[in-house]
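Residue numbers (the working numbering): 97 to 268.
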């Protein structure tokens, strides 16, 4: 895997960015799919401060992986977009800081690389959550995501997605 990322601050409150990634020797071999090649993935996005404590972020991503079908024979979606509105910002070194966020995503399974939050890939839906810093270098995040799959992962078709997650992170 190789990648490059560029970021540019358009103003003190707005930034844009672009990322290119390349996965080498990707293999898909199941249910009639037989694919082995390199995959290129592009992403572009921005974030901007709308008001003193309100931030908007959006991103679009696309890969060149195509011709792979899902469990019901539909082509797997290779593009996606994500947007988020966030009130406040939490900082792990600032005890008591917090953030409240909501986002909408329509992220195809082959549109992104992100092994740390793969539960949000292949999902079309909403998330509502918050982050809180109870003690220095510790963050609690709680969120709920609801929606549907972009592509089916079972022969019964696209399934509903309901994810409730609470996690604690420690920073060293």
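Beta carbons: idealized from backbone N, C-alpha and C, even for Gly.
Bear in mind the structure is a predicted one, so any value in this text is a computation, not a measurement.
Beta-carbon to beta-carbon, residue 109 and residue 144 are separated by about 6 Å, close enough to satisfy the 8 Å threshold. In this model, residue 230 and residue 192 are separated by some 6 Å (Cα to Cα).
Rounded to the nearest whole angstrom, the C-alpha separation of residue 182 and residue 239 is 13 Å. 111 is the residue among 161, 194 and 111 whose C-alpha sits nearest the C-alpha of residue 141. Looking at the DSSP output, residue 139 shares a beta bridge with 115 and 157. Here residue 249 carries a coil assignment [DSSP, helix/strand/coil]. Closest in alpha carbon position to residue 107, among 146, 173 and 101, is 146.
Contact check for residue 223 against residue 251 fails: the beta carbons are separated by 8 Å or more. Per the C-alpha coordinates, the member of 261, 267 and 169 positioned closest to residue 254 is 169.
For residue 179, the uninterrupted beta strand (DSSP E) segment begins and ends at 175 to 183. Excluding five sequence positions before and after residue 104, the CB atoms of its chain that fall closer than 8 Å to its own CB belong to 111, 112 and 113, given in chain order. Under DSSP, residue 104 shares a beta bridge with 112. Membership of residue 216 in any beta strand (DSSP E) is not indicated, and neither H nor E is assigned to it by DSSP.
By the Cβ-count criterion, residue 216 is buried, with 16 or more other Cβ atoms from all chains shown falling within 10 Å of its own Cβ.
Contact between residue 162 and residue 136 is absent: CB atoms are separated by about 11 Å, not below the 8 Å threshold.
Taken atom to atom, the span from the alpha-carbon of residue 99 to that of residue 178 is near 20 Å.
Here residue 196 really is in contact with residue 226; their C-beta atoms are around 5 Å apart, less than 8 Å. Taking residue 262 as the centre and dropping the five residues before and after it, the same chain places the C-beta of 238 closer than 6 Å to its C-beta, in chain order.
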